[in-house]
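Participant: Chains as they are written, first to last, in the working numbering: chain A, 1 to 315; chain B, 1001 to 1267.
Virtual Cβ for every residue (Gly too), placed ideally from N, Cα, C.
Model, not experiment: these values are computed from the prediction.
Here you go:
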């Protein structure tokens, strides 16, 4: 076996240090790495801090109100002489309005996404997408007054004469419309990300546009579409102004959309704008409501996460 | 450039013609990418399209199932006559979906649908309105056997197709195309994303299925064209330079350009 012969280092023609680590470069890379990590940690830190504060302030509240009464009580009157702290009316209001909003936004948003991604000619898409995005730019307080002063009177004058001035139906519908762009644009992105090769395969098999859109593109995009639904639902749950203005602000344990009610967010907004004494039970109650809100969105996000995992596709 | 591309085919013993390209030009917007192509496709034979990148071979292939109709700004001129009906499938009054019902395609990269193995193969049948479960089962099994995949997948028809290997996925795509019993099957560089073993099994398959279907295959790989095809067409810059029996094209090409390409002096 022939031994490998290495060229001898020839005096000053070969710099013996040229393959060694460079201190300055290492420091620079380390610094950049730390900077990037710090930016990532800001988001983590914020979430953790909010959770800690909510839990900490809620402990004070739960020293005063039993957890059982809180989660099973059907009367929420923390600002009355004889306060009661049952969270269910706020939860029912939140769920009812979110459900109505999703009944509007999911079908509409999905249909618009399918149209934009699979059917619309280039010109139509270029006109409709910016218009949709403009809806997202409208401040929600405008939607709130639109609901209270335009939509409710219009429904009262036409198909629902018995509709009270404050109700859950109209805020639900308006939030639904306001959330359509979230679903439409995100679901459209997901559908357009489906590889053209898959679409071509479906057309090559003799599929028509509808069959290709519904049987091939939608199933391929389902994880992104579900993510759009989850995000839209989180937005609807968290929506505050429309509800605070048009739903009536009195906590009412009902799922009837024709009645007035308050939601978790509307209650928090209402109380934090009043001048409640720091440390009072009423003050602490908004943290407990906030904690419930956080838990609801957490459950939603986890559900979305598992659905995405379940339907994840590798193209 | 080629005045009588049909001459050589006519010299061969009279065989049935499945399709005939007649003075076909194709435009991507203003760009003329096919320039007056004429070419016969013989029934139950494999015809290979070869040529350097950008020569228009895939563009020509995709005319056969009107794939270009999916994108705006494309225009056909001339004809592809499909026999026995002798109908020009590029005609304006011909529905591209009807054309695709009769002419199948297998793509460069395996592109199964995000569905189970069974549903992938059944897709074309369901699109054609077949709902009967027994008949679907039979035709799916037949297609998978035809694509030499049945033994490997018969116990996991419900699994998602993405779990298969690349070669298996491509054979699944062939099964999917075979299930609808097309008259003509288009292959667009079907093995360019596969390893040599998977490539070998696809080539073998192409040899076998030509009993059932006429085949048009685009390939980058000249050895592949020599191995699988009965006829070969050499294209360059949107023109058909030479067409003839594969043996003749590879052994004694008539034109200098073809010879240069085949011997590797060019391309």
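Please identify, using Cβ separations under 8 Å, the residues of the stretch 201–216 of chain A that lie next to chain B, in order along the chain.
Facilitator: Flagged, chain order: 201, 202, 203, 204, 205, 206, 207, 208, 211, 215, 216.
Participant: List the residues that DSSP assigns as beta-bridge partners of residue 1273 of chain B.
Facilitator: The requested residue 1273 of chain B does not occur in the structure, where chain B is confined to residues 1001 to 1267.
Participant: Nearest CA to the CA of residue 261 of chain A: which residue from A:96, A:124, A:234, A:158?
Facilitator: Start at 1 with the first residue of the first chain, and residue 261 of chain A comes out as number 261. Measuring from the Cα of residue 261 of chain A, the nearest candidate turns out to be A:96.
Participant: Could you tell me which of A:72, A:71, A:94, A:57 sits nearest to residue 251 of chain A, measuring between CA atoms?
Facilitator: If you number the first chain from 1, residue 251 of chain A lands on position 251. Out of A:72, A:71, A:94, A:57, A:94 has the C-alpha closest to the C-alpha of residue 251 of chain A.
Participant: I want to see whether chain B comes within less than 8 Å of residue 220 of chain A, judged by CB atoms only; does it?
Facilitator: Reading the first chain from its first residue, position 220 is the one you call residue 220 of chain A. Judged by the 8 Å Cβ criterion, residue 220 of chain A is in contact with chain B.
Participant: Going along chain B, which residues have a C-beta under 7 Å from residue 197 of chain A?
Facilitator: By one-based count along the first chain, residue 197 of chain A stands at place 197. By Cβ distance, chain B contributes 1107, 1109, 1111.
Participant: Give a yes or no on whether the minimum CB-CB distance between residue 1115 of chain B and chain A is below 8 Å.
Facilitator: Here residue 1115 of chain B is taken as the residue at index 115 of the second chain, counted from 1. Residue 1115 of chain B counts as touching chain A.
Participant: Is the CB of residue 1131 of chain B under 8 Å away from at least one CB in chain A?
Facilitator: Looking up residue 1131 of chain B in the second chain gives position 131. Chain A, which has no Cβ nearer than 8 Å to the Cβ of residue 1131 of chain B, makes this no.
Participant: What are the partner residues of residue 1214 of chain B, as DSSP defines its beta bridges?
Facilitator: Start at 1 with the first residue of the second chain, and residue 1214 of chain B comes out as number 214. Note: residue 1214 of chain B sits in a beta bridge opposite B:1184.
Participant: When Cβ atoms are compared, which residues of the stretch 1064–1078 of chain B fall closer than 8 Å to chain A?
Facilitator: The residues in question are 1065, 1067, 1070, 1072.
Participant: Give the straight-line distance between the Cα atoms of residue 1124 of chain B and residue 216 of chain A, rounded to the nearest whole angstrom.
Facilitator: Within the second chain, residue 1124 of chain B is the residue found at index 124, counting from 1. Within the first chain, residue 216 of chain A is the residue found at index 216, counting from 1. Cα to Cα, residue 1124 of chain B sits roughly 12 Å from residue 216 of chain A.
Participant: Rounded to the nearest angstrom, how far is the Cβ of residue 1066 of chain B from that of residue 1096 of chain B, given a contact under 8 Å?
Facilitator: By one-based count along the second chain, residue 1066 of chain B stands at place 66. By one-based count along the second chain, residue 1096 of chain B stands at place 96. Yes, they are in contact, since the Cβ atoms of residue 1066 of chain B and residue 1096 of chain B sit about 4 Å apart, within 8 Å.
Participant: Using CA coordinates, which residue listed in A:298, A:229, A:117, A:168 is at the minimum distance from residue 256 of chain A?
Facilitator: Position 256 of the first chain, counted from the first residue, corresponds to residue 256 of chain A. Closest option to residue 256 of chain A, Cα to Cα, is A:168.
Participant: Closer than 7 Å, Cβ to any Cβ of chain A: which residues of the stretch 1118–1130 of chain B, in chain order?
Facilitator: The stretch 1118–1130 of chain B vs chain A, Cβ under 7 Å: 1123, 1124, 1127, 1128.
Participant: Grouping DSSP H, G and I as helix and E and B as strand, with all else coil, what is residue 1231 of chain B?
Facilitator: Counting from 1 along the second chain, the entry for residue 1231 of chain B is found at position 231. Residue 1231 of chain B falls in the strand class under three-state DSSP.
Participant: Please name the residue in B:1154, B:1106, B:1050, B:1259 whose C-alpha comes closest to that of residue 1182 of chain B.
Facilitator: The count along the second chain starts at 1 and reaches residue 1182 of chain B at position 182. Among B:1154, B:1106, B:1050, B:1259, the Cα nearest to that of residue 1182 of chain B belongs to B:1106.
Participant: Check each candidate in B:1085, B:1080, B:1109, B:1084 and name the one with the smallest Cα separation from residue 1091 of chain B.
Facilitator: Working through the second chain from its first residue, we reach residue 1091 of chain B at position 91. Here the closest residue by C-alpha is B:1080.
Participant: Starting from residue 1101 of chain B, find everything on chain A with Cβ-Cβ shorter than 7 Å and list it in chain order.
Facilitator: The sequence position of residue 1101 of chain B within the second chain is 101, counting from 1. Going along chain A in sequence order, the residues near residue 1101 of chain B (Cβ under 7 Å) are 206.
Participant: Can you tell me whether residue 28 of chain A is helix, strand or coil according to DSSP?
Facilitator: To locate residue 28 of chain A, count along the first chain from 1; it is residue 28. Helix, per DSSP.
Participant: So for residue 1071 of chain B, helix, strand or coil by DSSP?
Facilitator: Translated into positions along the second chain, residue 1071 of chain B becomes position 71. In the structure shown, residue 1071 of chain B sits in coil (DSSP, three-state: anything other than H, G, I, E or B).
Participant: Residue 1076 of chain B bridges to which residues according to DSSP?
Facilitator: As a working mapping, residue 1076 of chain B is identified with position 76 in the second chain. In the DSSP output, where bridge partners are listed per residue, residue 1076 of chain B has B:1026.
Participant: What residue range is occupied by the uninterrupted alpha helix (DSSP H) comprising residue 155 of chain A?
Facilitator: Numbered from 1 along the first chain, position 155 holds the residue referred to as residue 155 of chain A. Taken as a continuous stretch (DSSP letters only), the alpha helix (DSSP H) holding residue 155 of chain A covers 152–157.
Participant: Please return the same chain residues whose Cβ sits closer than 6 Å to the Cβ of residue 269 of chain A, not counting the five positions on each side in sequence.
Facilitator: Within the first chain, the letter at position 269 stands for residue 269 of chain A. Taken in chain order, the residues that qualify are 240, 244.
Participant: Using the beta-carbon of each residue, which ones in chain A are nearer than 9 Å to residue 1097 of chain B?
Facilitator: Locating residue 1097 of chain B in the second chain gives position 97, where the first residue counts as 1. Correct list: 203, 206, 207, 208.
Participant: Only counting the same chain, and skipping five residues up and downstream in sequence, which positions put a Cβ closer than 8 Å to that of residue 259 of chain A?
Facilitator: Within the first chain, the letter at position 259 stands for residue 259 of chain A. If we look at residue 259 of chain A and ignore the five residues flanking it on each side, its Cβ neighbours are 164, 167, 168, 252.
Participant: Got a sec: which bits of the stretch 1171–1182 of chain B sit with their beta carbon under 8 Å from any beta carbon on chain A, in order along the chain?
Facilitator: Those would be 1173, 1176, 1177, 1180, in chain order.
Participant: I want to verify the contact list: residues of chain A whose CB lies under 8 Å from the CB of residue 1104 of chain B, in sequence order.
Facilitator: To locate residue 1104 of chain B, count along the second chain from 1; it is residue 104. 204, 205, listed in chain order.
Participant: Helix, strand or coil, according to DSSP, for residue 307 of chain A in the structure here?
Facilitator: Here the question's residue 307 of chain A lines up with position 307 in the first chain. Here residue 307 of chain A sits in helix by DSSP.
Participant: The beta strand (DSSP E) that contains residue 113 of chain A, what's its start and end?
Facilitator: As a position in the first chain, residue 113 of chain A is number 113, starting the count at 1. Premise fails: residue 113 of chain A lies in the alpha helix (DSSP H), 88–114, not in any beta strand (DSSP E).
Participant: For the beta strand (DSSP E) holding residue 1047 of chain B, just list the boundary residues, first then last.
Facilitator: The residue given as residue 1047 of chain B occupies position 47 in the second chain. It spans 1046–1050 - the beta strand (DSSP E) in which residue 1047 of chain B sits, taken as one unbroken run.
Participant: Rounded to whole angstroms, what's the CA-CA distance from residue 1243 of chain B to residue 1035 of chain B? Just pull it up for me.
Facilitator: Residue 1243 of chain B sits at position 243 when you count from the first residue of the second chain. Residue 1035 of chain B sits at position 35 when you count from the first residue of the second chain. Approximately 15 Å between the Cα atoms of the pair.
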